[in-house]
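Let me begin by presenting the structure, written as structure tokens, before commenting on it.
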Amino acid sequence: MKLGFSPAEELFRAECADWLQAQMAGPFKDIRGITTLTAKAERRKEWEQHLGEHGWSCIGWPRQWGGRDATLAQQVIFAEEYARAGVPGRVNHIGIELAGPTILAFGSEAQKQRFLPDIAAGRTIFCQGFSEPNAGSDLAAVRTRGRLEDGEWVVNGQKIWTSLAHISDWIFVVTRTQEGSKGPKGLTFLMMPLDQPGIDVRGITQINGDAEFNETFFTDARCAADSLIGAIGDGWKIAMGLLAFERGVSTLGQQMSFRNELDDVIAAARANGAARDPLIRQRLAKAEIGLRLMRYGALRMLSNTDHSTIDGAALTYKIQWATWRRTLGELAMDVLGQAGEVAHGDAYEFSTLPNLFLFSRADTIYGGTNQIQRNLIAERGLGLPREPRGDL
Amino acid sequence: MEFAFTDEQRMIGETVRGFFAEHATSARTRQAMAGNGIDAALWAAFAGELGLAGIALPEEHGGAGLGMVELAQVAEAAGAHVAALPLLGHAMVGQAIAKGGSDDQKAEWVPRIAAGEVIATTAWQADIAVGNGRLSGTFSFLPHGAVADLMLVYGGDNAWIVDLKGQGVAITPHVTMDQTRPFATVVLTAAPAEAIDNGDAAIPAALAAGWICLAAEALGGAQAALDRTVAYARERVQFGRTIGSFQAYKHRLADMMIEIEQARSAVYWAACAVDENSEDTAIALHAAKSFAADTYFMCAGNMIQLHGGIGFTWDHDAHLFFKRARSIQTMLGDGAYHREAVARMIVGAAA
Numbered sequence: 164m165k166l167g168f169s170p171a172e173e174l175f176r177a178e179c180a181d182w183l184q185a186q187m188a189g190p191f192k193d194i195r196g197i198t199t200l201t202a203k204a205e206r207r208k209e210w211e212q213h214l215g216e217h218g219w220s221c222i223g224w225p226r227q228w229g230g231r232d233a234t235l236a237q238q239v240i241f242a243e244e245y246a247r248a249g250v251p252g253r254v255n256h257i258g259i260e261l262a263g264p265t266i267l268a269f270g271s272e273a274q275k276q277r278f279l280p281d282i283a284a285g286r287t288i289f290c291q292g293f294s295e296p297n298a299g300s301d302l303a304a305v306r307t308r309g310r311l312e313d314g315e316w317v318v319n320g321q322k323i324w325t326s327l328a329h330i331s332d333w334i335f336v337v338t339r340t341q342e343g344s345k346g347p348k349g350l351t352f353l354m355m356p357l358d359q360p361g362i363d364v365r366g367i368t369q370i371n372g373d374a375e376f377n378e379t380f381f382t383d384a385r386c387a388a389d390s391l392i393g394a395i396g397d398g399w400k401i402a403m404g405l406l407a408f409e410r411g412v413s414t415l416g417q418q419m420s421f422r423n424e425l426d427d428v429i430a431a432a433r434a435n436g437a438a439r440d441p442l443i444r445q446r447l448a449k450a451e452i453g454l455r456l457m458r459y460g461a462l463r464m465l466s467n468t469d470h471s472t473i474d475g476a477a478l479t480y481k482i483q484w485a486t487w488r489r490t491l492g493e494l495a496m497d498v499l500g501q502a503g504e505v506a507h508g509d510a511y512e513f514s515t516l517p518n519l520f521l522f523s524r525a526d527t528i529y530g531g532t533n534q535i536q537r538n539l540i541a542e543r544g545l546g547l548p549r550e551p552r553g554d555l
Numbered sequence: 118m119e120f121a122f123t124d125e126q127r128m129i130g131e132t133v134r135g136f137f138a139e140h141a142t143s144a145r146t147r148q149a150m151a152g153n154g155i156d157a158a159l160w161a162a163f164a165g166e167l168g169l170a171g172i173a174l175p176e177e178h179g180g181a182g183l184g185m186v187e188l189a190q191v192a193e194a195a196g197a198h199v200a201a202l203p204l205l206g207h208a209m210v211g212q213a214i215a216k217g218g219s220d221d222q223k224a225e226w227v228p229r230i231a232a233g234e235v236i237a238t239t240a241w242q243a244d245i246a247v248g249n250g251r252l253s254g255t256f257s258f259l260p261h262g263a264v265a266d267l268m269l270v271y272g273g274d275n276a277w278i279v280d281l282k283g284q285g286v287a288i289t290p291h292v293t294m295d296q297t298r299p300f301a302t303v304v305l306t307a308a309p310a311e312a313i314d315n316g317d318a319a320i321p322a323a324l325a326a327g328w329i330c331l332a333a334e335a336l337g338g339a340q341a342a343l344d345r346t347v348a349y350a351r352e353r354v355q356f357g358r359t360i361g362s363f364q365a366y367k368h369r370l371a372d373m374m375i376e377i378e379q380a381r382s383a384v385y386w387a388a389c390a391v392d393e394n395s396e397d398t399a400i401a402l403h404a405a406k407s408f409a410a411d412t413y414f415m416c417a418g419n420m421i422q423l424h425g426g427i428g429f430t431w432d433h434d435a436h437l438f439f440k441r442a443r444s445i446q447t448m449l450g451d452g453a454y455h456r457e458a459v460a461r462m463i464v465g466a467a468a
């Protein structure tokens with residue numbers, strides 16, 4: 164057991180930090196420090212391409228597909244330095260963390276050649292179409308239909324919470340391709356180009372006034388017959404495999420942005436004197452401890468090579484970070500007092516911390532609500548009986 | 118960076134878990150509770166046959182030469198069975214002398230501590246008067262104080278070893294809520310005391326070992342509380358179904374696991390930080406002690422609640438966990454103390 168990095172790894176850290184900081188001080192100064200998902204989307208697509216050109220887009224991928232074959236420790240280091248340099252989140256995070264790894268694991272050779280280099284180069288931006296208005300926590304209740312017709316897939320239905328769909332090029336969609344099938348059976352995983360008359364993307368205004376998520380409507384939308392990943396009817400298996408990729412090295416980068424958020428709360432508490440309040444101090448310390456433990460939980464998860472047993476750190480990670488961030492949002496508002504409830508200008512737009520307070524209510528819902536997480540932990544982690552399925 | 122046990126550490130873990138599972142039985146622990154709070158035969162086997170009393174002490178003085186990670190593994194396994202052993206004082210005093218003692222002090226004391234020949238204890242905070250190599254003062258809440266041979270005392274940058282069998286020592290044992298680690302009050306009246314050569318090195322080493330020991334015990338205890346409650350949830354039937362199939366019940370168990378996984382990260386982060394002399398050592402220790410203790414108390418409380426009436430009985434082991442958890446929460450600084458220490462690091466002093 165060892166936490167420190169080797170001298171060679173520290174050199175790599177310096178290389179990453181130098182390059183990232185130079186970009187954020189120079190050609191991409193204008194996007195430094197952005198914390199929302201989609202602000203300055205066009206410039207951030209250019210950033211994706213810039214990363215690709217310099218080989219920093221998907222460093223953990225094989226060289227053959229635009230990666231660097233980076234070791235785990237190197238990926239950890241890059242993720243940390245990326246966030247430390249104030250680089251905004253990747254607008255193609257679905258492509259590099261979900262679509263790419265899924266294609267790598269389950270795609271055909273032709274699909275790998277078609278998609279992986281373009282994802283790595285920032286030329287193809289992906290979003291995901293899983294949830295539906297009646298298939299939220301119960302993902303297997305998908306109703307969007309897909310059928311093969313004249314050598315093409317034809318898709319009809321509606322997806323929801325398709326974040327980034329309005330700036331993406333492709334969407335992967337879980338469709339019901341077997342008439343009359345129920346639950347996880349009869350689903351197929353399709354990749355579809357978004358720019359076509361059969362697909363209509365509409366923003367959903369969130370409680371913070373922003374619109375980063377979308378509804379995506381499919382009306383005789385089309386894609387080529389070979390757009391499926393895996394076989395017909397394998398959709399559930401692929402989707403579940405894909406969800407497992409969600410807990411990767413990127414969590415460490417995410418934690419560095421949490422670091423920035425907690426530092427903002429600490430700075431606010433110092434500035435307005437809340438930092439003298441013993442109860443606020445206790446809560447700040449709890450937040451600090453929680454954040455540190457997330458890092459070491461992630462490092463345990465990443466260091467774990469024994470996949471024969473349940474990885475408790477991985478299984479509990481989602482609810483841990485989501486709850487931490489929601490609690491930080493509440494602490495931020497208690498630090499700010501009523502000043503946190505007033506917008507700066509005429510628009511319904513709040514500064515970082517009040518916005519965190521509002522947005523973090525989504526964290527404990529998307530990607531599996533806290534309630535679903537507890538079911539998963541109890542059933543997979545502790546071997547307790549599964550929740551019975553109703554027949555409504 | 119490799120935040121996973123090495124093969125050697127995995128073997129140590131298996132050995133200690135097996136040892137405590139076999140020997141630290143409920144019956145034996147209860148026998149120790151009725152006596153002086155130490156299972157003497159368990160201690161003899163632990164120190165003698167397994168040679169674990171010196172796990173983190175230097176090899177040249179009879180120890181195994183390993184570090185805080187391995188000490189944590191041992192304490193975790195002991196905590197899982199609420200074993201009645203004087204591990205805490207032993208770890209603290211052993212590290213204090215090993216890190217801060219003169220060569221003579223090390224040669225004199227460390228081999229005896231590593232062999233488990235002496236039982237050691239220490240006080241958290243005390244007002245002491247020093248003069249002519251003699252100490253006076255009242256020391257409260259000394260774990261296993263009534264049976265200890267040796268006491269570590271510290272104040273400011275200085276630390277001393279006091280022979281509790283010597284002159285000027287009056288010991289009052291107390292009936293204590295956690296009977297596996299009963300307290301005593303020690304009053305010293307001009308008792309002979311040996312100053313540890315380098316108090317600056319001894320005190321942090323003692324505190325680090327103490328906090329890690331407690332945090333690791335708490336981790337082991339919390340995990341055992343969860344495991345035992347899960348086993349009960351799968352066999353107990355009410356309303357025609359196992360109670361572990363009720364969502365309200367499952368979710369409470371899930372919440373225990375969520376906290377335990379974080380406590381596990383905390384304990385081994387702190388242990389590695391000390392072993393690697395990391396700049397994060399202080400924050401890691403405060404995080405581990407406060408978080409693991411709170412986790413244990415939450416899990417042990419849930420253990421009683423989720424067992425229903427049987428969990429409230431003396432015969433069931435739930436109260437052993439619950440009382441140890443409560444004891445760990447306040448031992449060597451309560452949660453508020455450790456969080457305020459963290460707050461000072463991140464936001465500065467309060468005023």
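Those sequence lines, one after another, are chains A and B. Our numbering numbers the first residue of the first sequence as 164 and each following residue consecutively. Our numbering numbers the first residue of the second sequence as 118 and each following residue consecutively. Glycine included, C-beta positions come from ideal geometry on N, C-alpha and C.
Using the beta-carbon of each residue, which ones in chain B are nearer than 7 Å to residue i?
i	result
Ala236(A)	Met118
Glu451(A)	Val459 and Ile463
Leu447(A)	Ala460, Ile463 and Val464
Does any CB atom of chain B fall closer than 9 Å to the CB of residue i?
i	result
Tyr511(A)	no
Ile116(A)	No information on residue 116(A) is available, as it lies outside the stretch 164 to 555 that chain A covers here.
Glu172(A)	yes
Asn467(A)	yes
Arg444(A)	yes
Val239(A)	yes
Arg489(A)	no
On the DSSP letters alone, give me the boundaries of the alpha helix (DSSP H) that residue i sits inside.
i	result
Gln445(A)	Pro441 to Ser466
Gln536(A)	Asn533 to Leu539
Cys179(A)	Pro170 to Ala188
Ala417(B)	Thr398 to His424
Cys386(A)	Element bounds for Cys386(A): not the alpha helix (DSSP H) but the beta strand (DSSP E), Phe376 to Ala387.
Gly272(B)	From DSSP, Gly272(B) is part of no alpha helix (DSSP H) but of the beta strand (DSSP E) over Leu267 to Gly272.
Gln291(A)	From DSSP, Gln291(A) is part of no alpha helix (DSSP H) but of the beta strand (DSSP E) over Phe289 to Gly292.
Taking C-beta pairs closer than 7 Å, name the residues in chain A that residue i reaches, listed in chain order.
i	result
Thr238(B)	Per Cβ cutoff of 7 Å: no residues; Thr238(B) is ~29 Å from chain A at best.
Glu378(B)	Gly460, Gly475, Ala476 and Thr479
Arg456(B)	Gln445, Ala448 and Lys449
Phe122(B)	Met164
What residue range is occupied by the uninterrupted beta strand (DSSP E) comprising residue i?
i	result
Lys322(A)	Glu315 to Ile323
Pro309(B)	Phe300 to Ala312
Asn275(B)	Asn275 to Asp280
Arg195(A)	Element bounds for Arg195(A): n/a, residue is neither H nor E.
Does the beta carbon of residue i sit closer than 9 Å to a beta carbon anywhere in chain A?
i	result
Trp472(B)	Since the first and last residues shown for chain B are 118 and 468, residue 472(B) lies out of range.
Ile445(B)	no
Gly152(B)	no
Ile375(B)	yes
Arg353(B)	no
Gly361(B)	yes
Glu131(B)	no
Asp220(B)	no
Starting from the beta carbon of residue i, find every residue of chain A whose beta carbon is closer than 9 Å, and list them in chain order.
i	result
Tyr349(B)	Result: empty, since nearest Cβ-Cβ is about 11 Å, beyond 9 Å.
Ile400(B)	Glu451, Ile452 and Arg455
Lys367(B)	Arg537, Asn538, Ile540, Ala541, Glu542, Leu545, Leu547, Pro548 and Glu550
Ala467(B)	Ala438, Arg439, Asp440, Pro441 and Arg444
Starting from the beta carbon of residue i, find every residue of chain A whose beta carbon is closer than 8 Å, and list them in chain order.
i	result
Trp386(B)	Leu166, Arg455, Leu456 and Tyr459
Phe408(B)	Ile452 and Leu456
Who are the Cβ neighbours of residue i in its own chain at under 6 Å, not counting the five residues just before and after it?
i	result
Cys290(A)	Ile257, Thr325, Leu327, Ala328, Ser331 and Ile334
Leu465(A)	Leu235
His178(B)	Lys223, Val227 and Pro228
Which same chain residues, not among the five before or five after residue i, have their C-beta less than 8 Å away from its C-beta?
i	result
Arg134(B)	Ala194 and Ala197
Note down, in chain order, each residue of its chain lying with its Cβ closer than 7 Å to the Cβ of residue i, except the 5 sequence neighbours on either side.
i	result
Ile194(A)	Lys203, Arg206, Arg207, Trp210 and Pro251
Is the Cβ of residue i closer than 9 Å to any Cβ of chain C?
i	result
Gln364(B)	The chain labelled as chain C is not found among the protein chains of the depicted structure, namely A and B.
Can you pull out the residues from the region 411 to 441 of chain A whose beta carbon lies closer than 8 Å to at least one beta carbon of chain B? Hits within the stretch, in order: Ile429, Ala432, Arg433, Ala438, Arg439 and Pro441.
Residues of the region 187 to 205 of chain B with a CB closer than 9 Å to any CB of chain A: list them in chain order, please. Cβ contacts with chain A come from no residue of the region 187 to 205 of chain B.
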